[in-house]
Amino acid sequence: MTTMKQLRNMVSATDDGVLNASLRPSQVGFCPSESLVHKYIRGLNEAFDRIVKSMRHPEMVRMAVDLDIIDGIAVGTANPIGYEYVCRRLRHPDTLPAEKRDLEKVVRAYKLIMEYRALDKAVETGDLNRINRIVGNTRGTRA
Numbered sequence: 638m639t640t641m642k643q644l645r646n647m648v649s650a651t652d653d654g655v656l657n658a659s660l661r662p663s664q665v666g667f668c669p670s671e672s673l674v675h676k677y678i679r680g681l682n683e684a685f686d687r688i689v690k691s692m693r694h695p696e697m698v699r700m701a702v703d704l705d706i707i708d709g710i711a712v713g714t715a716n717p718i719g720y721e722y723v724c725r726r727l728r729h730p731d732t733l734p735a736e737k738r739d740l741e742k743v744v745r746a747y748k749l750i751m752e753y754r755a756l757d758k759a760v761e762t763g764d765l766n767r768i769n770r771i772v773g774n775t776r777g778t779r780a
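The opening residue of the sequence shown carries number 638 in the working numbering; numbering runs sequentially from there.
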């Protein structure tokens with residue numbers, strides 16, 4: 638149970654989020670501001686770029702992630718069948734160490750895409766608890 642002092646602190650913290658109150662008092666939640674979600678997405682994009690730039694063969698990312706160019710922006714879509722192949726290839730005894738390192742990076746890139754997909758779905762549905770859990774918003778909790 639959130640105390641009144643904690644609730645007042647959450648309401649006064651408008652720079653980090655927006656208090657979202659529904660009809661029932663038990664449903665009062667803390668919605669992260671757009672900037673917090675955008676910062677998190679920017680961090681995911683930067684991590685994806687770092688992974689691809691550090692790979693010996695960056696084209697291997699296409700095994701588990703389908704990349705499309707939309708309005709000059711690369712948009713990644715998770716490819717579960719390719720991901721399964723990458724996981725099997727990682728466990729295969731004939732896989733070379735250098736290839737394994739690249740395949741591990743492909744797995745990390747796939748997981749980033751899946752994390753972005755989960756956040757996007759949570760934002761679409763307006764599920765504040767899931768958004769806060771994904772973004773790691775520790776300031777706001779359910780009241």
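We put the beta carbon where it would ideally sit given N, CA and C, even for glycine.
Close Cβ partners of residue i (< 6 angstroms) along its chain, the five nearest in sequence each way excluded
{"i": "residue 759", "result": "767 and 768"}
{"i": "residue 681", "result": "749 and 753"}
{"i": "residue 719", "result": "700 and 701"}
Close Cβ partners of residue i (< 7 angstroms) along its chain, the five nearest in sequence each way excluded
{"i": "residue 770", "result": "none"}
When the options are compared against residue i, the one with the closest alpha-carbon
{"i": "residue 744", "options": "678, 715, 673 and 675", "result": "715"}
{"i": "residue 740", "options": "708, 726 and 761", "result": "726"}
Own chain partners of residue i with C-beta closer than 8 angstroms, once the 5 adjacent residues on each side are dropped
{"i": "residue 735", "result": "693"}
{"i": "residue 691", "result": "742"}
Helix, strand or coil at residue i according to DSSP, with G and I counted as helix
{"i": "residue 703", "result": "strand"}
{"i": "residue 714", "result": "strand"}
{"i": "residue 662", "result": "Note that residue 662 scores 42 on pLDDT, short of 50, meaning its location in the model is unreliable; the coordinates nonetheless yield the value given after this. If DSSP states are grouped into helix, strand and coil, residue 662 belongs with the helices."}
{"i": "residue 728", "result": "helix"}
{"i": "residue 767", "result": "helix"}
Inset, instruction - Count the CB pairs spanning the segment 747-762 and the segment 681-695 that are closer than 8 angstroms, and state whether there are at least three. - result: yes
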